[in-house]
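Working notes, structure below.
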Amino acid sequence: PQINFEEQFQAKVDAEIKIEPKDWMPDAYRKTLIRQISQHAHSEIVGMLPEGNWLTRAPSLKRKATLLAKIQDEAGHGLYLYSACETLGITRLQTIEDLLSGKAKYSSIFNYPSLSWADMGAIGWLVDGAAIMNQVALCRTSYGPYARAMVRICKEESFHQRQGYEIMMVLSKGSAAQKEMAQDALNRWWWPALMMFGPTDSESSNTEQSMKWKIKRHTNDELRQKFIDASIPQVNYLGLTVPDKDLKWNEERGHYDFGEIDWEEFWNVVKGNGICNKARLKARREAHEQGAWVREAAAAYAEKRASRVNE
Ligand code: ACO
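Counted the way the working numbering counts, the sequence shown spans residues 149 to 459.
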């Protein structure tokens with residue numbers, strides 16, 4: 149009898165056996181993983197920019213050292229993810245060229261400006277918090293290299309989330325002006341953080357297939373709800389409020405109800421028309437061009453070493 153590779157593959161996925169780089173996989177599975185992992189990697193790298201903006205203005209040496217370490221972690225996350233992506237047969241250079249040409253996406257959240265020091269708190273707390281909610285689930289994703297990269301990334305992200313929340317705690321218990329700054333940051337980052345989870349399930353083109361392949365373990369709406377439920381007690385503890393007049397505990401559902409997300413704003417940002425899209429891509433393009441000599445030198449050195457071993 150003829151072997152049905154597709155069926156065997158699905159049976160493996162259903163049995164929670166990880167798919168590894170050399171295993172047979174459907175082309176569409178490979179393609180959607182390259183799409184998702186490369187976009188995830190780009191998000192980590194572009195995500196360094198809004199925080200980098202505040203490094204030289206951190207209020208103390210300690211804050212500066214912590215923020216610097218956190219941003220460097222994000223660079224590391226990008227590198228693990230590019231490596232995981234390369235195991236699927238695409239080069240890192242190709243994925244980066246796809247970002248720079250505008251073909252590949254990166255998270256909408258990083259197209260918003262970081263306007264005050266409190267934004268460093270709100271980003272660590274809410275943006276990294278939303279990222280963790282999504283990434284903890286991805287530790288069980290069906291593709292081995294992606295799942296394994298997620299384990300370390302999640303550990304580091306939880307440190308990031310705590311450093312952000314601690315900044316918010318200090319500000320919200322500080323002077324009236326500091327509390328106002330914390331509230332203003334929460335007002336600006338709340339809705340964009342909810343948008344990070346992607347379109348609502350009925351509009352999400354990839355979810356059904358990605359759930360079947362166990363690339364995604366929860367839908368966009370499930371994770372968004374979990375994030376809201378976890379965040380509201382934290383908001384309350386800070387003595388702040390979320391900018392959503394429809395937010396209300398729903399006893400029957402056992403979840404918070406929340407207001408309508410501005411999907412027009414979301415798609416506008418995804419299409420490249422957010423406040424910072426052009427500046428973000430310009431910064432990445434310049435970094436890529438100015439870093440060309442480093443890549444060339446590293447390649448020449450690697451080649452020299454390899455030829456020595458063969459002598
Ligand atoms: N920003 C930009 N684009 C988005 C976003 C977002 N927040 N959410 C969804 N999209 C895009 C999708 O990429 C997709 O477009 P594509 O098919 O051209 O790739 C389209 O909107 C429709 O969305 P979905 O069908 O729901 O897409 P998908 O199944 O890939 O789900 C999600 C989106 C949840 C972001 C998923 O890709 C994922 O879990 N990615 C890994 C996590 C990640 O990338 N995190 C980045 C931010 S966290 C951080 O870097 C610190």
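We put the CB at the ideal spot given by N, CA and C, even for glycine.
Task: Continuous alpha helix (DSSP H) stretch holding W339: start and end - done: For this step, residue 339 is matched to residue 191 along the sequence shown. Here the alpha helix (DSSP H) through W339 covers 324 to 343.
Task: Buried/exposed call for F153, threshold 16 Cβ in 10 Å - done: As a working note, residue 153 is residue 5 in the sequence shown. By the 10 Å Cβ count, F153 comes out exposed.
Open item on the list: How far does the beta strand (DSSP E) with W397 in it extend, from its first residue to its last?
Closed with: Here residue 397 refers to the residue found at position 249 when the sequence shown is read from its first residue. Its beta strand (DSSP E) spans residues 396 to 398.
Open item on the list: What does the alpha-carbon distance come out to for the pair G269 and T204?
Closed with: For the purposes of this step, residue 269 is identified with residue 121 of the sequence shown, where counting begins at 1. For the purposes of this step, residue 204 is identified with residue 56 of the sequence shown, where counting begins at 1. Cα to Cα, G269 sits roughly 16 angstroms from T204.
Open item on the list: Can you tell me whether D369 is helix, strand or coil according to DSSP?
Closed with: Within the sequence shown, numbered from 1, the residue matching residue 369 stands at position 221. D369: helix per DSSP, three-state reduction.
TODO: Kindly identify the DSSP beta-bridge partner or partners of D405.
DONE: Here residue 405 is taken as the residue at index 257 of the sequence shown, counted from 1. Paired residue(s): K396.
Task: Reference W338, options D276, K364, Y294, closest by Cα - done: Position 190 of the sequence shown holds residue 338. With distances taken between Cα atoms, W338 lies closest to D276.
Open item on the list: Under DSSP, the alpha helix (DSSP H) around A285 begins and ends at which residues?
Closed with: Taking the sequence shown and counting its residues from 1, the one referred to as residue 285 is at position 137. It spans 276 to 286 - the alpha helix (DSSP H) in which A285 sits, taken as one unbroken run.
Open item on the list: Please state the DSSP three-state secondary structure of Y291.
Closed with: By one-based count along the sequence shown, residue 291 stands at place 143. Correct three-state label for Y291: strand.
TODO: Just tell me which of L342, A285, N368 has its CA closest to the CA of S352.
DONE: Within the sequence shown, numbered from 1, the residue matching residue 352 stands at position 204. Nearest C-alpha to S352: N368.
Open item on the list: Would the stretch 221 to 240 count as touching the stretch 159 to 167 if we require 3 or more Cβ pairs under 8 angstroms?
Closed with: no
Open item on the list: Does the distance between the C-beta of R372 and the nearest non-hydrogen atom of the ligand ACO fall short of 7 angstroms?
Closed with: Numbered from its first residue, the sequence shown carries residue 372 at position 224. Checking every heavy atom of the ligand ACO against the Cβ of R372, none is found closer than 7 angstroms.
Task: Rounded C-alpha distance that separates K360 from A285 - done: Within the sequence shown, residue 360 is the residue found at index 212, counting from 1. Within the sequence shown, residue 285 is the residue found at index 137, counting from 1. Each residue's Cα considered, the two are about 15 angstroms apart.
TODO: May I ask which residues mark the beginning and end of the alpha helix (DSSP H) holding K251?
DONE: As a first step, residue 251 is located in the sequence shown; it is residue number 103 there, counting from the start. Unbroken run through K251: none, as it is neither H nor E.
TODO: Under 8 angstroms Cβ to Cβ from N282, same chain only, skipping five residues before and after it: list those, please.
DONE: As a first step, residue 282 must be located in the sequence shown, where it is residue number 134. Same-chain partners within the cutoff: M344, F345, L371.
Task: Check: E192 C-beta below 7 angstroms from any heavy atom of the ligand ACO - done: Counting from 1 along the sequence shown, the entry for residue 192 is found at position 44. Yes; taking the cut-off as 7 angstroms, the Cβ of E192 has a heavy atom of the ligand ACO nearer than that.
- [ ] Please find out if some non-hydrogen atom of the ligand ACO comes closer than 7 angstroms to the beta-carbon of K364.
- [x] Here residue 364 refers to the residue found at position 216 of the sequence shown. Yes, the beta carbon of K364 sits closer than 7 angstroms to at least one heavy atom of the ligand ACO.
Task: Beta-bridge partners of I493, as assigned by DSSP - done: Any question about residue 493 goes unanswered here, given that the chain covers just 149 to 459.
Task: Rounded straight-line distance, which links the Cα of A217 to that of E434 - done: As a working note, residue 434 is residue 286 in the sequence shown. As a working note, residue 217 is residue 69 in the sequence shown. Going from the Cα of E434 to the Cα of A217 covers about 23 angstroms.
Task: Within 8 angstroms, strictly: CB atoms of E199 and S262 - done: What you label residue 199 is simply residue 51 of the sequence shown in a count that begins at 1. What you label residue 262 is simply residue 114 of the sequence shown in a count that begins at 1. In this structure, the beta-carbon distance from E199 to S262 falls below 8 angstroms.
Open item on the list: Counting C-beta neighbours from all protein chains within 10 Å, is the total for D405 16 or more, i.e. buried, or is it exposed?
Closed with: Locating residue 405 in the sequence shown gives position 257, counting from the first residue. Exposed is the call here.
Open item on the list: At a cut-off of 7 angstroms, would you count F345 as near the ligand ACO, judging by its Cβ distance to the nearest heavy atom?
Closed with: Taking the sequence shown and counting its residues from 1, one reaches residue 345 at position 197. Yes, the ligand ACO has a heavy atom inside 7 angstroms of this Cβ.
Task: From I257, A333, G420, residue whose alpha carbon lies closest to that of V383 - done: Start at 1 with the first residue of the sequence shown, and residue 383 comes out as number 235. Selected option, being the one with the closest Cα: A333.
- [ ] Put I219 into one of helix, strand or coil per three-state DSSP.
- [x] Position 71 of the sequence shown, counted from the first residue, corresponds to residue 219. It is helical.
- [ ] Please list, in chain order, all residues of the same chain as R365 whose beta carbon is under 8 angstroms from its beta carbon, the five residues on each side excluded.
- [x] The residue you call residue 365 lines up with position 217 of the sequence shown. If we look at R365 and ignore the five residues flanking it on each side, its Cβ neighbours are A285, L286, R288, T289, M359.
TODO: Give a yes or no on whether the C-beta atoms belonging to R428 and L197 are separated by under 8 angstroms.
DONE: Taking the first residue of the sequence shown as 1, we reach residue 428 at position 280. Taking the first residue of the sequence shown as 1, we reach residue 197 at position 49. A contact, by the Cβ cut-off of 8 angstroms.
Task: Simplified DSSP assignment, three categories, for N384 - done: On the sequence shown, residue 384 is found 236 positions in, with the first residue counted as 1. Here N384 sits in helix by DSSP.
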